[in-house]
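Chemist:
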Amino acid sequence: DAGVIQSPRHEVTEMGQEVTLRCKPISGHDYLFWYRQTMMRGLELLIYFNNNVPIDDSGMPEDRFSAKMPNASFSTLKIQPSEPRDSAVYFCASSRLAGAQETQYFGPGTRLLVL
Amino acid sequence: SQKIEQNSEALNIQEGKTATLTCNYTNYSPAYLQWYRQDPGRGPVFLLLIRENEKEKRKERLKVTFDTTLKQSLFHITASQPADSATYLCALSFSGTYKYIFGTGTRLKVLA
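Sequences listed follow chains A and B, in order. With the first letter of the first sequence counted as 1, position 99 gets the number 195 in our numbering; the numbers rise by one all the way through. With the first letter of the second sequence counted as 1, position 36 gets the number 1350 in our numbering; the numbers rise by one all the way through.
#1: Can you look up P1396/B in the DSSP assignment and give me helix, strand or coil?
#2: Quick one: grab the DSSP three-state call for R160/A.
#3: Y131/A: buried (16+ other C-beta within 10 angstroms of its C-beta) or exposed?
#4: Can you tell me whether DSSP reads R137/A as helix, strand or coil?
#5: Rounded C-beta distance between V1378/B and I1364/B? I'm assuming under 8 Å.
#6: Who pairs with L1363/B in a beta bridge, going by DSSP?
#7: In terms of alpha-carbon separation, which member of E158/A, L142/A, R160/A, P177/A lies closest to D152/A?
#8: Are the CB atoms of P1344/B and S1407/B within a distance shorter than 8 Å?
#9: Is the region 120–135 of chain A in contact with the region 156–176 of chain A, if contact means three or more CB pairs nearer than 8 Å?
#10: Just the Cα atoms here: how many angstroms apart are L1361/B and F202/A?
#11: Can you pull the chain B neighbours of P204/A, defined as C-beta to C-beta under 9 Å?
#12: Below 8 Å on the Cβ atoms is my guess for I1327/B versus I1415/B; work out the distance and round it to an integer in Å.
#13: Using a beta-carbon distance below 8 Å, is T1382/B in contact with chain A?
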């Protein structure tokens, strides 16, 4: 299995621009998570989906952030408009089943820099 | 709100020694606690999970302890090797939720 796939791996954009991050979870995994990692705040959960349905988006920082999962093999995280404080590494993760004891498999991340 | 504290300073140890990393939390005790390894430029990789009713868990050279009285988990790597150099994250989850709260991680460097 190829694991969780994320694209792009690096993104540099200017403040005010729209940014779209993409994720392909591991086939057969019903849960998909979006995280943001910074030095100061560590790894923070933004939103997670179960069977393509958003379950908890309480970690989404502002209305500028939105996430979709149109099908079981694809999800996007969009920031519009982007701001310098959005600069971080964004990870997508998936897990097979429900439950806190399930292992989450992380993608390689997208390093975002907003100038 | 729940807080997780991991030593933000890097831990340097000599090859062959046992590395011990600490994860402290405040407020409520989690139902599950996980440890992950993260290498530069990569996503975290799951290592071990321990439940609230378990005191200790082992996997090869790794050992995790969970003390709900002290609100602390210790992560040990015995016979450490330079290849063990990485950042180690602890993550807590609570009953009734599928969400994990992650610590900021501790960077371990094993010197040859």
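Don't be surprised by glycine CBs; every beta carbon is placed ideally from N, CA and C.
Modeler: Let's see:
#1: P1396/B sits in a helix when the DSSP states are folded into three classes.
#2: Coil, per DSSP.
#3: That one is buried.
#4: Of the three classes helix, strand and coil, the one that applies to R137/A here is coil, per DSSP.
#5: Indeed they touch by this definition, with Cβ atoms about 5 Å apart.
#6: The partner list for L1363/B (beta bridge, DSSP) reads Q1348/B.
#7: D152/A has its Cα closest to that of L142/A, out of E158/A, L142/A, R160/A, P177/A.
#8: Between S1407/B and P1344/B, the CB-CB gap stays under 8 Å.
#9: Enough Cβ pairs lie closer than 8 Å, so yes.
#10: Distance between the alpha carbons of L1361/B and F202/A: 13 Å.
#11: Result: G1355, R1356, G1357.
#12: Not quite, the Cβ-Cβ distance comes to about 27 Å (not below 8 Å), so this is no contact.
#13: So, not an interface residue.
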